[in-house]
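What follows is a short report on a single structure.
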Amino acid sequence: MYTIGEILGDDGSFSSSQMSEQNPEMRETAARICRDYLHGAWKYVTADNIGFKRISGGLSNWLYNVELPEGAAPVRGEPRQVLLRLYGQVHGERALEGLITESVIFTLLSERRLGPKLHGIFPGGRIEEYIPARPLLTKELADPSLSVLIAEKMANIHSMQVPISKEPTWLWDTMARWLDTATDVLENPGEVDPKLLDNVNVLRSMDLSQEVKWLRCFITQTKFPVVFCHNDMQEGNILLRQNTKKPELVLIDFEYCSYNYRGFDVANHFVEWQYDYTAPEYPFYHERGAAGPTREQKFHRNAIP
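Residue numbers for the sequence shown follow this note's numbering, so the first one is 90 and each next one is one higher.
Put into C-alpha cells, the structure is as follows:
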C-alpha cells in the first residue's frame, strides 16, 4: 500500500502546488493510473488531453475529477469521468489497518450498490464512480420521502455480513480517544482558546470517565443488537443524485464503518437532524434544538424493514 509520496517519488510533505491540477507531474500520474486501471478510451489518454480538476485535498486523501478528452467517446461502456482518490500520509500500524479495512468495506458496498461504484484499486488509492450529486441539506434529513430512503439504505447496511471483527469495539475505542483528548485539555486550561473556556468549565463539572463506565455497564447488561454500521450518517455523507426522475441517494465516507450497536447508528443519525455544519465562523455549526424527530417520525422510519 503506497502513499502519495511513493506514487510521486517524494518522501516529504505535499504542498497545494504539488498536488494542483496544474502540476505536470500530477497530471501525468493521473493519466498513467487511468491508462493502467481503466479500459476502452482510457487506454489512450495523456497528461495533455485529460480533463483534470482537484476537488479537495488534505492529510488523509486527495480527490480529483478526471475526464476523457473532449470528443473521445466511450467504446465499451467505460465511464466518461471518474473520481481519483490518492491516499495521504499514513502513520502507524493501526492507520494502515484502518485504510485496508476501509478499502474492503468500500468494495463490498460498491458491489451491493450502496455506495459509489469502484472502477479500480491500486496500491496508493482507488478510482471511483464520479457522481453528479450534492450532499443533503440538514433540513432535508426530516423530509418524509428522503427519510424513508435513508432508512432503507441504513437497513441494507445493517443486513450486511462483512469480513471484519464482529466485536463492537469501535464505540469504546472512539470514546476512549475522545476522553484522553478531553482530559488533556481540562488539565491544561492555559492552552485553551478563550472562546472555549465556557465549554471547558461545563466539562470540568462532569465526571466523564464515570459516564463512560456507566454506559458500558448498562449496554453490556442488555442484549442490544450488534450489526454492521455506517456510524456517520450525517447530511454531508448522503448524496442526492442529480438529473434523476425519482430521488436517489448514495452513501459516501465509510471510514467509521464497523460492527456496532444498531441503536447507535439510528440515534446518531437522528441527532444529526439538530446540527447544521454550514456556519462559516466558530463554532462552525448551527444548533437546531427543536429539529429533532418527533415520536411519529421515529416510528414511521423504523417501520422500514
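Just so you know, even glycine gets a beta-carbon here, dropped at the ideal spot from N, CA and C.
Among the options, nearest to residue i - alpha-carbon criterion
| i | options | result |
| --- | --- | --- |
| His-247 | Glu-191, Ala-222, Tyr-348 and Ser-236 | Tyr-348 |
| Ala-231 | Glu-376, Tyr-371 and Glu-361 | Glu-361 |
| Lys-255 | Cys-346, Lys-334 and Glu-200 | Cys-346 |
| Ile-220 | His-358, Gln-107, Asn-326 and Phe-359 | Asn-326 |
| Gln-170 | Leu-127, Ile-194, Leu-197 and Leu-198 | Leu-127 |
| Lys-228 | Arg-384, Gly-378 and Phe-388 | Gly-378 |
| Tyr-371 | Ile-308, Val-355, Gln-310 and Pro-283 | Pro-283 |
| Cys-306 | Trp-261, Thr-333 and Lys-334 | Trp-261 |
Close Cβ partners of residue i (< 6 Å) along its chain, the five nearest in sequence each way excluded
| i | result |
| --- | --- |
| Met-249 | Phe-317 |
| Thr-263 | none |
| Gly-214 | Arg-174, Leu-175 and Tyr-176 |
| Glu-344 | Glu-191 |
| Met-322 | His-358 |
| Ser-298 | none |
| Leu-198 | Gly-204 |
Other residues of its chain near residue i: CB distance less than 8 Å, five sequence neighbours each side excluded
| i | result |
| --- | --- |
| Lys-132 | Arg-124 |
| Gly-352 | Phe-313 and Pro-314 |
Beta-carbon separation (whole angstroms), residue i vs residue j, contact threshold 8 Å
| i | j | result |
| --- | --- | --- |
| Gly-209 | Ile-341 | Contact flag wrong, Cβ pair sits at about 17 Å. |
| Tyr-350 | Pro-252 | In fact, because the Cβ distance is near 20 Å, the residues do not count as touching under 8 Å. |
| Arg-174 | Glu-110 | In fact, because the Cβ distance is near 15 Å, the residues do not count as touching under 8 Å. |
| Tyr-374 | Ala-368 | 5 Å |
| Ala-161 | Ala-184 | With a Cβ gap of about 38 Å, Ala-161 and Ala-184 do not count as contacting. |
| Leu-152 | Ile-144 | 4 Å |
| Lys-142 | Asn-154 | 5 Å |
| Val-289 | Val-301 | Val-289 to Val-301, Cβ: 18 Å. No contact. |
For residue j and residue i, the rounded distance between their alpha carbons
| i | j | result |
| --- | --- | --- |
| Met-115 | Arg-293 | 48 Å |
| Arg-202 | Asp-287 | 45 Å |
| Tyr-91 | Leu-207 | The pLDDT assigned to Tyr-91 is 47, lower than 50, so where the model puts this residue is not dependable; a value taken from the coordinates is nonetheless given after this. If I take the Cα positions, the gap works out to 18 Å. |
| Val-164 | Glu-191 | 32 Å |
| Asp-296 | Asn-138 | 60 Å |
| Asp-365 | Ile-189 | 31 Å |
| Asn-357 | Asn-320 | 7 Å |
| Ile-122 | Val-193 | 20 Å |
| Gly-140 | Glu-186 | 33 Å |
| Trp-39 | Asp-269 | Beyond the ends of the chain as shown, which are 90 and 394, falls residue 39; an answer cannot be given. |
| Gln-386 | Glu-159 | 48 Å |
| Lys-334 | Ser-234 | 14 Å |
One or two residues paired with residue i in a DSSP bridge
| i | result |
| --- | --- |
| Gln-170 | Glu-156 |
| Val-301 | The partner list for Val-301 (beta bridge, DSSP) is empty, contrary to what the question assumes. |
| Pro-212 | Its beta-bridge partners do not exist; DSSP assigns none. |
| Ser-347 | Cys-318 |
| Gly-140 | Glu-156 |
| Ala-222 | Arg-330 |
| Tyr-374 | Per DSSP, none; premise fails for Tyr-374. |
| Leu-127 | For Leu-127, which the question treats as bridged, DSSP gives no partner whatsoever. |
| Pro-232 | It is Asp, not Pro, that sits at residue 232 in the sequence shown. Partner(s): none; Asp-232 has no beta bridge. |
Contact set for residue i: own chain, Cβ-Cβ below 7 Å, skip 5 residues either direction
| i | result |
| --- | --- |
| Ala-136 | Pro-113, Arg-116, Glu-117 and Ala-120 |
| Leu-329 | Ala-222, Arg-223, Leu-225, Pro-336 and Leu-338 |
| Pro-394 | The predicted model places Pro-394 with a pLDDT of 45, which falls under 50 and marks its position as unreliable; any figure quoted below should be read in that light. So the qualifying residues of the chain are Ala-244. |
Check: residue i C-beta below 7 Å from any heavy atom of the ligand GTP
| i | result |
| --- | --- |
| Asp-365 | The ligand GTP is absent from the structure shown, which contains no ligand whatsoever. |
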